[in-house]
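In my numbering, the protein residues as written are 54 to 515.
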């Protein structure tokens with residue numbers, strides 16, 4: 054009976070019951086590297102900048118059209134400093150396809166409006182416009198940092214990062230005290246804090262002079278002294294408020310990682326690290342995409358709906374005598390995006406048999422979308438089997454999953470846009486607790502297995 058059961062039934066085990074001491078050490082080493090990456094990469098620009106620095110250290114060079122391309126060559130192309138594509142040229146012609154992993158490096162946040170600075174009742178504030186799907190109440194009364202760029206009329210671009218260093222000031226969005234919040238707390242959660250109420254407190258001391266808006270003037274003077282900017286320069290700035298939490302180990306056993314931006318920098322780092330760890334010449338050309346704008350539909354020149362990716366691949370194909378169309382139809386893509394982890398505190402939204410669990414490995418989503426699978430590419434059975442074989446051959450611990458109960462809601466990834474390019478694509482990534490919150494939680498084990506899974510796909514002999 055037991056032999057037949059083992060042969061015919063599909064049962065999963067906790068990953069820590071499968072791996073040995075050597076891999077436990079490896080996943081701890083990997084997690085330390087990832088935590089360092091996440092601590093720095095608070096925005097998509099910072100993630101791209103750091104990724105380029107790491108790639109250059111491993112021999113990657115900036116791709117220029119017309120440069121000679123040989124098997125084993127390592128190249129990258131930055132898309133306006135907000136997205137990035139890297140490639141290691143393979144032995145086979147690109148007409149036989151490429152192995153692609155794509156993740157996004159943007160995350161939910163609080164953007165400053167283009168005319169943000171104002172004073173009211175002798176306090177200075179920034180007006181904001183939230184970015185991506187957030188629960189607004191989670192962003193009040195937490196410490197915030199200010200990151201981004203200010204582009205001046207003369208073409209100079211100034212980097213801004215206030216709050217990262219221990220000696221820096223930080224910022225906050227205030228909330229109503231419970232003693233006076235009877236009306237507020239009686240409202241639905243999505244109405245207790247309004248979008249226009251997410252105003253960031255930035256100063257209170259008036260400028261030592263007569264006149265109006267003295268606190269605003271004092272704040273603007275500080276910004277002018279530090280960055281040489283005037284209020285008009287906000288018009289051509291991209292400034293964003295992000296949580297000021299340091300990335301930390303979670304749990305007495307230190308098995309989890311808590312931080313801002315796991316969605317989706319945890320998968321972006323996994324595929325970047327896999328790309329950097331490739332040894333020798335891969336069978337097929339390997340491509341790593343760090344995309345922008347996924348949280349708002351992948352629109353814009355740095356999102357996956359733009360033609361930036363096509364331009365990069367078409368250039369490579371043209372230089373190596375391959376057809377880009379043939380390349381796409383023979384390619385395989387892992388849309389490396391996070392999935393929802395089952396949370397015992399909220400079991401009512403989950404279909405437990407098909408939900409990802411922490412410490413059970415890389416989560417594979419055949420489809421995402423909402424309700425009737427709308428907005429998904431729905432990978433074919435053959436694609437799932439292809440990934441099963443690769444993972445089995447390389448001892449990658451993984452699990453199949455989907456996003457909650459059928460009628461509960463849903464979400465999307467860049468998979469649909471890759472599939473629209475006639476590329477076989479499947480979602481696979483790290484399960485996350487408290488997704489889209491200012492402080493998300495992932496498992497070290499699942500992070501490492503996602504890296505190992507992408508590396509296995511890159512190293513496959515096609």
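In this text, a Cβ means the ideal position worked out from N, Cα and C, and glycines have one as well.
Just so it is clear, the structure is predicted and the values come from calculations on it, not from any experiment.
For residue 424 and residue 304, I'd like the C-alpha separation in whole angstroms. On the chain shown, residue 424 is found 371 positions in, with the first residue counted as 1. On the chain shown, residue 304 is found 251 positions in, with the first residue counted as 1. Rounded to the nearest angstrom, the two C-alpha atoms are 34 Å apart.
Sorted by chain position, which residues of the same chain lie with C-beta nearer than 6 Å to residue 214's C-beta, five sequence neighbours on each side aside? The residue labelled residue 214 in the question sits at position 161 within the chain shown. Same-chain partners within the cutoff: 200.
Would you mind reading off the limits of the alpha helix (DSSP H) that contains residue 500? To locate residue 500, count along the chain shown from 1; it is residue 447. Counting along the chain, the alpha helix (DSSP H) containing residue 500 begins and ends at 497-512.
Under the three-state reduction of DSSP, which class applies to residue 92: helix, strand or coil? In the chain shown, counting from the first residue as 1, residue 92 sits at position 39. DSSP places residue 92 in helix when its eight states are reduced to three.
Whole-number beta carbon distance between residue 341 and residue 160, since they are thought to touch under 8 Å: Numbered from its first residue, the chain shown carries residue 160 at position 107. Numbered from its first residue, the chain shown carries residue 341 at position 288. The Cβ separation is near 18 Å, so there is no contact.
Span separating the alpha-carbon of residue 282 from that of residue 276: Sequence index remark: in the chain shown, residue 282 carries index 229 (1-based). Sequence index remark: in the chain shown, residue 276 carries index 223 (1-based). Cα-Cα distance, rounded: 7 Å.
On a CA-only basis, which of 484, 489, 510, 431 is nearest residue 446? Give me that one, please. Here residue 446 is taken as the residue at index 393 of the chain shown, counted from 1. Checking every option, the nearest Cα to that of residue 446 belongs to 510.
How should residue 67 be labelled, buried or exposed, when 16 other C-beta atoms within 10 angstroms of its C-beta is the threshold for buried? Working through the chain shown from its first residue, we reach residue 67 at position 14. Burial call: exposed.
DSSP-derived helix/strand/coil call for residue 384: As a position in the chain shown, residue 384 is number 331, starting the count at 1. Coil at residue 384, not helix or strand.
When the distance is taken between beta carbons, is residue 324 closer than 7 Å to residue 202? By one-based count along the chain shown, residue 202 stands at place 149. By one-based count along the chain shown, residue 324 stands at place 271. Not a contact, by the Cβ cut-off of 7 Å.
Out of 369, 311, 294, 360, which has the shortest C-alpha to C-alpha gap to residue 128? Within the chain shown, numbered from 1, the residue matching residue 128 stands at position 75. Looking at the Cα atoms, 369 is the closest of the given residues.
Does the Cβ-Cβ distance between residue 412 and residue 498 come in under 7 Å? Sequence index remark: in the chain shown, residue 412 carries index 359 (1-based). Sequence index remark: in the chain shown, residue 498 carries index 445 (1-based). The answer is yes: Cβ separation under 7 Å.
Assigned secondary structure, residue 234 (DSSP; H/G/I helix, E/B strand, else coil): Here residue 234 corresponds to residue number 181 of the chain shown, with the count starting at 1. Residue 234 falls in the coil class under three-state DSSP.
Could you have a look at residue 457 and say whether DSSP puts it in helix, strand or coil? Position 404 of the chain shown, counting from 1, holds the residue named residue 457. If DSSP states are grouped into helix, strand and coil, residue 457 belongs with coil.
As assigned by DSSP and simplified to three states, the class of residue 195: Along the chain shown, read from residue 1 onward, the residue named residue 195 stands at position 142. Residue state, collapsed to three classes: coil.
Would you mind sorting residue 135 into buried or exposed? The rule is 16 or more other CB atoms within 10 Å of its CB. Here residue 135 is taken as the residue at index 82 of the chain shown, counted from 1. Buried is the call here.
Going by beta-carbon coordinates alone, are residue 517 and residue 336 separated by less than 7 Å? With the chain running from 54 to 515 in the structure shown, residue 517 is simply not present.
For residue 296, list the residues DSSP reports as bridge partners. Within the chain shown, the letter at position 243 stands for residue 296. The partner list for residue 296 (beta bridge, DSSP) reads 197.
In whole angstroms, give me the CA-to-CA distance for residue 503 and residue 308. On the chain shown, residue 503 is found 450 positions in, with the first residue counted as 1. On the chain shown, residue 308 is found 255 positions in, with the first residue counted as 1. Each residue's Cα considered, the two are about 16 Å apart.
Do you know offhand how far residue 181's Cα is from residue 76's? The count along the chain shown starts at 1 and reaches residue 181 at position 128. The count along the chain shown starts at 1 and reaches residue 76 at position 23. Rounded to whole angstroms, residue 181 and residue 76 show a C-alpha spacing of 45 Å.
Does DSSP classify residue 41 as helix, strand or coil? Since the displayed the chain opens at 54 and closes at 515, residue 41 lies outside it and no answer follows.
Can you check which of these residues, 448, 477, 415, is closest to residue 455 by C-alpha distance? For the purposes of this step, residue 455 is identified with residue 402 of the chain shown, where counting begins at 1. Of the listed residues, the one whose Cα sits closest to residue 455 is 415.
What distance in whole Å lies between the Cβ atoms of residue 476 and residue 386, which are believed to be in contact at a cut-off of 8 Å? Your numbering for residue 386 matches position 333 in the chain shown. Your numbering for residue 476 matches position 423 in the chain shown. That belief holds up - the Cβ atoms of residue 386 and residue 476 are roughly 5 Å apart, short of 8 Å.
Which parts of the region 219-272 are runs of the beta strand (DSSP E), unbroken and 3 residues or longer, counting only runs that do not cross its ends? Counting only runs of 3 or more, we get 253-256.
Apply the 10 Å Cβ neighbour rule to residue 209 and answer buried if 16 or more other Cβ atoms are within range, or exposed otherwise. Within the chain shown, the letter at position 156 stands for residue 209. Burial call: exposed.
Beta-carbon proximity of residue 467 to residue 348, cut-off 7 Å: Position 414 of the chain shown, counted from the first residue, corresponds to residue 467. Position 295 of the chain shown, counted from the first residue, corresponds to residue 348. No, the pair does not count as a contact, with Cβ atoms beyond the cut-off.
So, at 8 Å on beta carbons, what are the nonlocal neighbours of residue 115 in its own chain, with the 5 sequence-adjacent residues on each side left out? The residue you call residue 115 lines up with position 62 of the chain shown. Within the same chain, residue 115 has close Cβ partners 128, 129, 130, 131.
Would residue 321 and residue 436 be called neighbours here (beta carbons separated by less than 7 Å)? In the chain shown, counting from the first residue as 1, residue 321 sits at position 268. In the chain shown, counting from the first residue as 1, residue 436 sits at position 383. No. Outside cutoff.
What is the DSSP secondary structure of residue 179, reduced to helix, strand or coil? By one-based count along the chain shown, residue 179 stands at place 126. Note: residue 179 maps to strand in three-state DSSP.
Taking the alpha carbon of residue 459 as the reference point, which residue from 267, 404, 493, 137 has its own alpha carbon closest? For the purposes of this step, residue 459 is taken as the residue at position 406 of the chain shown. Selected option, being the one with the closest Cα: 404.
According to DSSP, what are the bridge partners of residue 539? In the structure displayed, the chain extends from 54 to 515; residue 539 sits before or after that span and is not available.
Mapping the DSSP letters down to three states, classify residue 317 as helix, strand or coil. Residue 317 sits at position 264 when you count from the first residue of the chain shown. Reduced to three states, the DSSP call for residue 317 is helix.
How far does the alpha helix (DSSP H) with residue 102 in it extend, from its first residue to its last? Counting from one through the chain shown, the residue named residue 102 turns up at place 49. First-last of the alpha helix (DSSP H) with residue 102: 97-110.
Is the region 178-197 close to the region 115-126, with three or more CB pairs under 8 Å? no
Taking residue 364 as part of the alpha helix (DSSP H), name the residues at either end of that continuous run. Residue 364 sits at position 311 when you count from the first residue of the chain shown. Bounds of the alpha helix (DSSP H) holding residue 364 are 361-372.
Residues in its own chain within less than 7 Å of residue 88 by CB, not counting five upstream and five downstream? In the chain shown, counting from the first residue as 1, residue 88 sits at position 35. These residues qualify, in order along the chain: 300, 310.
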